[in-house]
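Trainee: Sharing a structure here in structure tokens format.
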Amino acid sequence: MYANVMVLPSKEPERIRLVRIPDDMESHEAFRHATGLIAAAEEANPDFTWEDIEDALDAQGFRSLDFVLGPALD
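Using the numbering used here, read the sequence shown as starting at 372 and increasing by one per residue.
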């Protein structure tokens, strides 16, 4: 199965997220759209959680994916 995905980075490894980009969206468009959705969710609720952002992304066709982040190299 082929799918375009996007990593939502974080300084804290446990907060890194992986989302599947909607099939009808180009990757450069998806990045701009996702960052706009995230900013809007953060502005709407100063006490936002990942679930708030996930709901906003999900409503636009993005899907959260489970992934395993490799072991620390230290």
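Yeah, the Cβ is synthetic: ideal placement off N, Cα and C, and Gly gets one too.
Is it buried or exposed for I392, if we count other Cβ within 10 angstroms and need 16 for buried?
Mentor: Taking the sequence shown and counting its residues from 1, the one referred to as residue 392 is at position 21. Result: buried.
Trainee: Spatial neighbours of L436 within its chain, please: CB distance less than 7 Å, with the 5 preceding and 5 following residues excluded, ordered by chain position.
Mentor: Counted from its first residue, the sequence shown places residue 436 at position 65. Contacts found: V376, L389, V390, R391.
Trainee: Can you grab the Cα-Cα spacing for the pair D445 / H399, in whole Å?
Mentor: Reading the sequence shown from its first residue, position 74 is the one you call residue 445. Reading the sequence shown from its first residue, position 28 is the one you call residue 399. So the alpha carbons of these two residues sit roughly 34 Å apart.
Trainee: Ignore the nearest five residues each way along the sequence and tell me which others in W421's own chain have a CB closer than 8 Å to its CB.
Mentor: Locating residue 421 in the sequence shown gives position 50, counting from the first residue. If we look at W421 and ignore the five residues flanking it on each side, its Cβ neighbours are R386, R388.
Trainee: Using only the alpha-carbon positions, how far apart do R403 and D394 sit?
Mentor: For the purposes of this step, residue 403 is taken as residue 32 along the sequence shown, with counting starting at 1. For the purposes of this step, residue 394 is taken as residue 23 along the sequence shown, with counting starting at 1. Roughly 16 Å separates the two Cα atoms.
Trainee: Report the CB separation of D423 from A412 in whole angstroms; it is logged as a contact under 8 Å.
Mentor: For the purposes of this step, residue 423 is taken as residue 52 along the sequence shown, with counting starting at 1. For the purposes of this step, residue 412 is taken as residue 41 along the sequence shown, with counting starting at 1. Correct: roughly 5 Å between the Cβ atoms.
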